[in-house]
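Chemist:
Protein chains: 2
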Amino acid sequence: MSDVVELLAQVLPREALVTDPDRMESYRYDRAMFCPAGTPLAVVLARETAHVQAAVKIAAEAGVPVVPQGARSGLSGAANALDGCIVISLEKMDKVLAIEPIDRYVVTQPGVYNAVLSRAVAEHGLFYPPDPSSWEFCSIGGNLSTNSGGLCCVKYGVTTDYVLGLEVVLADGRVLRTGRKTVKGVAGYDLAKLIVGSEGTLGIITEATLALRPQAAQPRTMAALFDSGPAAGEAILEIIRSGVSLSLLEIMDQTTIRAVNAYKRMDLPEEAAAMLIAQSDAGGEAGAADVAMVAKLCRDNGAIECIEADDPAEGELLLEARRAALIALDELGTTMIDDVAVPRSRLAEFIGLCEDIARDLDITIGVLGHAGDGNMHPTVVFDQTDPAQAERAQQAFDKVMEVGLQLGGTITGEHGVGVLKRTWLAEEIGPVALDVHRAIKQALDPKNILNPGKIVAE
Amino acid sequence: MSDVVELLAQVLPREALVTDPDRMESYRYDRAMFCPAGTPLAVVLARETAHVQAAVKIAAEAGVPVVPQGARSGLSGAANALDGCIVISLEKMDKVLAIEPIDRYVVTQPGVYNAVLSRAVAEHGLFYPPDPSSWEFCSIGGNLSTNSGGLCCVKYGVTTDYVLGLEVVLADGRVLRTGRKTVKGVAGYDLAKLIVGSEGTLGIITEATLALRPQAAQPRTMAALFDSGPAAGEAILEIIRSGVSLSLLEIMDQTTIRAVNAYKRMDLPEEAAAMLIAQSDAGGEAGAADVAMVAKLCRDNGAIECIEADDPAEGELLLEARRAALIALDELGTTMIDDVAVPRSRLAEFIGLCEDIARDLDITIGVLGHAGDGNMHPTVVFDQTDPAQAERAQQAFDKVMEVGLQLGGTITGEHGVGVLKRTWLAEEIGPVALDVHRAIKQALDPKNILNPGKIVAE
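As they're listed, the protein sequences go chains Y and E. With the UniProt record's numbering as the guide, the letters of the first sequence map in order to residues 1 to 458. With the UniProt record's numbering as the guide, the letters of the second sequence map in order to residues 1 to 458.
(1) Relative to the C-alpha of proline 65 (chain Y), which candidate in Y:Asp103, Y:Val294, Y:Glu250 and Y:Ile86 has its C-alpha closest?
(2) Using a beta-carbon distance cut-off of less than 8 Å, what residues from the segment 188-200 of chain E approach chain Y?
(3) Closest to glycine 38 (chain Y) by CA distance: which of Y:Gly84, Y:Ala71 and Y:Met336 is it?
(4) Count the C-beta pairs between the segment 394-405 of chain E and the segment 195-207 of chain Y that are closer than 8 Å, then say yes if the count reaches three, no if not.
(5) Should glutamate 167 (chain E) be labelled buried (16 or more other beta-carbon atoms within 10 Å of its own) or exposed?
(6) Which residues of chain E have a Cβ atom closer than 9 Å to the Cβ of glycine 409 (chain Y), listed in chain order?
(7) Can you tell me where the alpha helix (DSSP H) with arginine 119 (chain Y) in it begins and where it stops?
(8) Using a 10 Å radius around the Cβ and a threshold of 16 neighbouring Cβ atoms, would you call glycine 284 (chain E) buried or exposed?
(9) Looking at chain E, is there any beta carbon in it that lies within less than 7 Å of the beta carbon of alanine 341 (chain Y)?
(10) Could you confirm whether any beta carbon from chain E is found closer than 7 Å to the beta carbon of leucine 151 (chain Y)?
(11) Using a C-beta to C-beta distance shorter than 8 Å, which residues of chain E count as neighbours of serine 345 (chain Y)?
(12) Among Y:Thr256, Y:Asp281, Y:Ile277 and Y:Ser280, which has the Cα closest to the Cα of glutamate 270 (chain Y)?
(13) Going along the chain, which residues of the segment 351-378 of chain E sit with their C-beta nearer than 9 Å to a C-beta in chain Y?
(14) With burial defined as no fewer than 16 other Cβ atoms inside 10 Å of the residue's Cβ, what is the status of glycine 233 (chain E): buried or exposed?
(15) Note down, in chain order, each residue of its chain lying with its Cβ closer than 6 Å to the Cβ of glycine 125 (chain Y), except the 5 sequence neighbours on either side.
(16) Please report how far the alpha carbon of aspartate 267 (chain Y) lies from the alpha carbon of threonine 412 (chain Y), in whole angstroms.
(17) Using beta carbons (cut-off 7 Å, strictly below), is arginine 31 (chain Y) in contact with chain E?
(18) State the beta-bridge partners of phenylalanine 127 (chain Y) as determined by DSSP.
(19) List, in order along the chain, the chain Y residues whose C-beta lies closer than 8 Å to that of aspartate 161 (chain E)?
(20) Return helix, strand or coil for phenylalanine 137 (chain Y), following the three-state DSSP convention.
(21) How close, in whole Å, do the beta carbons of isoleucine 102 (chain E) and leucine 237 (chain Y) come, if the pair is a contact with beta carbons under 8 Å?
(22) Based on Cα-Cα distance, which residue from Y:Ser134, Y:Leu170 and Y:Cys35 lies nearest to leucine 82 (chain Y)?
(23) For aspartate 362 (chain E), is the classification buried or exposed, using 16 other Cβ atoms within 10 angstroms of its Cβ as the cut-off for buried?
(24) With a cut-off of 7 Å, does the C-beta of threonine 412 (chain E) fall near any C-beta of chain Y?
(25) Look at the Cβ atom of alanine 321 (chain E), then the Cβ atom of valine 381 (chain E), and state whether they are nearer than 7 Å.
(26) I'd like to know whether the C-beta atoms of alanine 16 (chain E) and histidine 51 (chain E) end up nearer to each other than 7 Å.
(27) Reducing DSSP to helix, strand and coil, say where glutamine 69 (chain Y) ends up.
(28) Do leucine 8 (chain Y) and isoleucine 58 (chain Y) have their C-beta atoms within less than 7 Å of each other?
(29) What residue does the beta strand (DSSP E) around glutamate 308 (chain Y) start on, and which one ends it?
(30) Any C-beta of chain E within less than 9 Å: which residues of the segment 227-257 of chain Y qualify?
(31) If you follow the beta strand (DSSP E) that residue 476 (chain Y) is part of, which residue opens it and which one closes it?
(32) Cβ closer than 7 Å: which chain E residues qualify as neighbours of alanine 174 (chain Y)?
(33) Could you tell me the alpha carbon to alpha carbon distance between isoleucine 357 (chain Y) and valine 403 (chain Y), rounded to whole angstroms?
(34) Starting from the C-beta of valine 11 (chain E), find all residues in its chain whose C-beta is less than 6 Å away, skip the five residues before and the five after it, and write them out in chain order.
(35) What is the DSSP secondary structure of asparagine 375 (chain E), reduced to helix, strand or coil?
(36) Could you tell me whether any Cβ in chain Y is nearer than 7 Å to the Cβ of glycine 289 (chain E)?
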């Protein structure tokens, strides 16, 4: 037993320390493809903030890296273990601590799953909007660390927009409480929003106070099918130009439609080049009018079919096609999911360029994503047993980011950088911003023990 | 002429450099009361980013402090000059550079006034929500540096919620471009939101890309008068509990109502203890229904009178009472405006405690503010020529913050810390957060030349 493990065993309860290699195996990886993962010395299953503090202090003293983990549902390798690290898992800190209906906030531990939190606040007539597709198996701590988005961002924004306050264990084991319980507040630097999205490199989130909204109305849903990608792109522009406030606006291309048809045995027309799905949660007649307007704009822009859901169940069915998309593409082969966001005005062009990449590299790319905010998930599908194809897949994955940047976009709209996109981050933000990243990292973690090498390569 | 001034004269065009003491006088202060202000060596009226860079480089080389200034409308002394500093005024960088209707963003220089920007984007059917009361004479750069709020925050949030990207001159004169032009993006640390609200202590904002919304509908307005403060407080709670989405919910107490009556010759009932003003911009019947519901809730909670505006002009008249409040209080004596935000559930209690403070210290406090988000501006009114009263006024000002903190609130909801509230900031955030502030400041400004001593005392 190494010294570090011995020290951990001295201060942690038995159930909070895992050193068995078989049990540790599942704590090595998140869900990112092709990211290296090391083997930890130990996994700490923290039950309380004091466990996190104790582990970080021991790590700091020993100069051992610490990798914080939530539900390991991330897609960029940010939670992957490093050789000889201490993994600090927050999955056992899974309690919703307080829900305040008048002040509209929830205080939660980081290990609570997004869906659990959402349902808990819904019982009080409240709404926590950020809704990553993985909401049933991703944790709030992970959402905070990657600044997750989701389907309803187009109307409600992303995780950082809901963060009021955080409790954070710093690199020296001290506890930082930052932020507030009030709607507004400008007392000092916005440390909470700095920690959000920092992927565990600046501190470990052990508690969060999150803003809530009143529950939205029952959504109205419609879908439109197009026989050409550009027609769908033009319809999206018209929808945005109209100013209609949608709570969801998603797109799937032909590859994705066909994959979903095969997987879910849905009856979507195989010849459709693109499908839009839109929702309005304005409620009552306003919601119906929003959806009718979107349907009209789709028809005016060449939709071959518009389906307006008669009731929430039918709406849910339409949405299921979108929700099943990634799993359906997974059935076709190994997938690498990109996460490029472009200015909305360039969306149609971006989709066209993804098609070009697929053709040029003779590889399958299913293009789907959040059309309403320009955040697309072109998903490269390939046969991993074919090295040449795997090579082309990697090229396609990179090429998608390259054209995203050329269109004024970003390499990651909501999945984060982790280890997967470190070199691309440098490309996107440039040397000055990279220096500022390093300066801030150095200021908050001078020994470089918190998730080292994530976001910014060492 | 000092060496520093000579160096500035060598690199800056003549019109960009002011050294005449009379002209420099007006660049010494913002609008904060009782904050010390020094005398600058020189005022740089930057016309372009390169001027800011040049001045910062000279300052860094000479170890001379730099104080960035917008429109000097701040209320915390953040823009006050320091002895021997270089003031860098951004007021001449006053151009709106681009408005993108589809992508819904505006690129602007920092010296543009909030109202000018708002009107410019309105011409494109777009809406920049943050609307500080000073919007006609405050600049976007100042709004960003203090993370300004305003009247419609209750529905639309504050400045930071609209910041997509920034150009920032760093302490060594390099230019940082951070953020994005896309709706979503998580590539690296959120440096933009760290700079926002940092009051010029981490960098000087020379350009901003701000998110816009589609123009809101014409607002519907109502006002309600109450014969007791607690009744008004209860009505506010019921309004919030109802989940109605208001674009404005303001409160004024009796002192403020009477001051407005005297100043504007309005016919508000002098015996009223409190007045609420509410707006909904939901549009059409939805807006009318919102306002009717608020009126009903006010009546159910003891309102003695409800005025529903028949048209926008009448609504504007009601709002004018609120807009005139601070000027009206100014007519009664010297004013010190507090800026405490409390959890909304504690608002009625907070207002009651402010009344207690006024009574106990035998001083006038006009309580007004943004009831919808719990951000109140209790305004101490006193006779500056009476030293004993001035002393009690200062005590009252501090006591208001103290009770705000006791109720789980913050010492500043939207005005910032500057020099006015530095000791209170330390009280609010505690030693660990203060250390993190210092570490970040040290990382980005190791020579401590950017607005030193603001936010965090040296």
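We put the CB at the ideal spot given by N, CA and C, even for glycine. No experiment lies behind these values; they were computed from the predicted model shown.
Modeler: Here's the rundown:
(1) Here residue 65 (chain Y) refers to the residue found at position 65 of the first sequence. A check of alpha carbon separations from proline 65 (chain Y) across Y:Asp103, Y:Val294, Y:Glu250 and Y:Ile86 identifies Y:Ile86 as the nearest.
(2) Per Cβ criterion, the list reads Gly188, Tyr189, Asp190, Leu191, Lys193, Leu194, Val196, Gly197 and Ser198.
(3) The residue you call residue 38 (chain Y) lines up with position 38 of the first sequence. The option with the nearest alpha carbon to glycine 38 (chain Y) is Y:Gly84.
(4) Output reads no: the segment 195-207 of chain Y does not touch the segment 394-405 of chain E.
(5) As a working mapping, residue 167 (chain E) is identified with position 167 in the second sequence. Under the 10 Å beta carbon count, glutamate 167 (chain E) is surrounded by 16 or more other beta carbons and is classified as buried.
(6) For this step, residue 409 (chain Y) is matched to residue 409 along the first sequence. Those within 9 Å of glycine 409 (chain Y) in chain E are Arg180, Lys181, Thr182 and Gly185.
(7) Looking up residue 119 (chain Y) in the first sequence gives position 119. For arginine 119 (chain Y), the enclosing alpha helix (DSSP H) begins and ends at 114-122.
(8) Taking the second sequence and counting its residues from 1, the one referred to as residue 284 (chain E) is at position 284. So glycine 284 (chain E) ends up on the exposed side.
(9) Here residue 341 (chain Y) refers to the residue found at position 341 of the first sequence. Yes, because at least one Cβ of chain E sits closer than 7 Å to the Cβ of alanine 341 (chain Y).
(10) Here residue 151 (chain Y) refers to the residue found at position 151 of the first sequence. It does not: the Cβ of leucine 151 (chain Y) has no partner Cβ on chain E nearer than 7 Å.
(11) Position 345 of the first sequence, counting from 1, holds the residue named residue 345 (chain Y). Per Cβ cutoff of 8 Å: Glu100, Ile102 and Asp103.
(12) Mapped onto the first sequence, residue 270 (chain Y) falls at position 270. Taking only the C-alpha atoms, the option nearest glutamate 270 (chain Y) is Y:Thr256.
(13) So the list reads His370, Gly372, Asp373, Gly374 and Asn375, given in the order they occur along the chain.
(14) Taking the first residue of the second sequence as position 1, residue 233 (chain E) is located at position 233. Around the C-beta of glycine 233 (chain E), 16 or more other C-beta atoms lie within 10 Å, and the residue is accordingly described as buried.
(15) For the purposes of this step, residue 125 (chain Y) is taken as residue 125 along the first sequence, with counting starting at 1. Excluding its 5 nearest sequence neighbours in each direction, glycine 125 (chain Y) has C-beta neighbours in its own chain below 6 Å: Gln215, listed in chain order.
(16) Within the first sequence, numbered from 1, the residue matching residue 267 (chain Y) stands at position 267. Within the first sequence, numbered from 1, the residue matching residue 412 (chain Y) stands at position 412. Using only the alpha carbons, I get a separation of about 33 Å.
(17) The residue given as residue 31 (chain Y) occupies position 31 in the first sequence. So no, arginine 31 (chain Y) is outside the interface.
(18) On the first sequence, position 127 is the one that residue 127 (chain Y) refers to. Its beta-bridge partners are Y:Arg213.
(19) Taking the second sequence and counting its residues from 1, one reaches residue 161 (chain E) at position 161. Contact note: aspartate 161 (chain E) reaches chain Y through Gly157 and Asp161, using a C-beta cutoff of 8 Å and chain order.
(20) Taking the first residue of the first sequence as 1, we reach residue 137 (chain Y) at position 137. Looking at phenylalanine 137 (chain Y) - three-state DSSP - the assignment turns out to be coil, as it is neither helix nor strand.
(21) As a working mapping, residue 102 (chain E) is identified with position 102 in the second sequence. As a working mapping, residue 237 (chain Y) is identified with position 237 in the first sequence. Sure, about 6 Å apart at Cβ, within 8 Å.
(22) Translated into positions along the first sequence, residue 82 (chain Y) becomes position 82. Measuring from the Cα of leucine 82 (chain Y), the nearest candidate turns out to be Y:Cys35.
(23) Reading the second sequence from its first residue, position 362 is the one you call residue 362 (chain E). It is exposed - the Cβ of aspartate 362 (chain E) has fewer than 16 other Cβ atoms within 10 Å.
(24) What you label residue 412 (chain E) is simply residue 412 of the second sequence in a count that begins at 1. It does; some Cβ of chain Y falls within 7 Å.
(25) Indexing the second sequence from 1 puts residue 321 (chain E) at position 321. Indexing the second sequence from 1 puts residue 381 (chain E) at position 381. Not a contact, by the Cβ cut-off of 7 Å.
(26) Within the second sequence, residue 16 (chain E) is the residue found at index 16, counting from 1. Within the second sequence, residue 51 (chain E) is the residue found at index 51, counting from 1. Yes, they are a contact pair.
(27) Start at 1 with the first residue of the first sequence, and residue 69 (chain Y) comes out as number 69. Strand.
(28) Locating residue 8 (chain Y) in the first sequence gives position 8, where the first residue counts as 1. Locating residue 58 (chain Y) in the first sequence gives position 58, where the first residue counts as 1. Cβ atoms of leucine 8 (chain Y) and isoleucine 58 (chain Y): closer than 7 Å.
(29) As a working note, residue 308 (chain Y) is residue 308 in the first sequence. Per DSSP, glutamate 308 (chain Y) belongs to the beta strand (DSSP E) from 303-308.
(30) For chain E, the residues of the segment 227-257 of chain Y that bring a beta carbon within less than 9 Å of one of its beta carbons are Leu237, Ile240, Arg241, Ser242, Gly243, Val244 and Ser245, in chain order.
(31) With chain Y covering 1 to 458 only, the question about residue 476 (chain Y) has no answer from this structure.
(32) In the first sequence, the residue the question calls residue 174 (chain Y) occupies position 174. According to the sequence provided, residue 174 (chain Y) is arginine. The question's alanine does not apply to it. Within 7 Å Cβ-Cβ: Val432.
(33) Here residue 357 (chain Y) refers to the residue found at position 357 of the first sequence. Here residue 403 (chain Y) refers to the residue found at position 403 of the first sequence. Roughly 10 Å separates the two Cα atoms.
(34) Looking up residue 11 (chain E) in the second sequence gives position 11. Hits under 6 Å: Ala54.
(35) Position 375 of the second sequence holds residue 375 (chain E). Strand at asparagine 375 (chain E).
(36) Residue 289 (chain E) sits at position 289 when you count from the first residue of the second sequence. The question names glycine, but residue 289 (chain E) is alanine in the sequence shown. So no, alanine 289 (chain E) is outside the interface.
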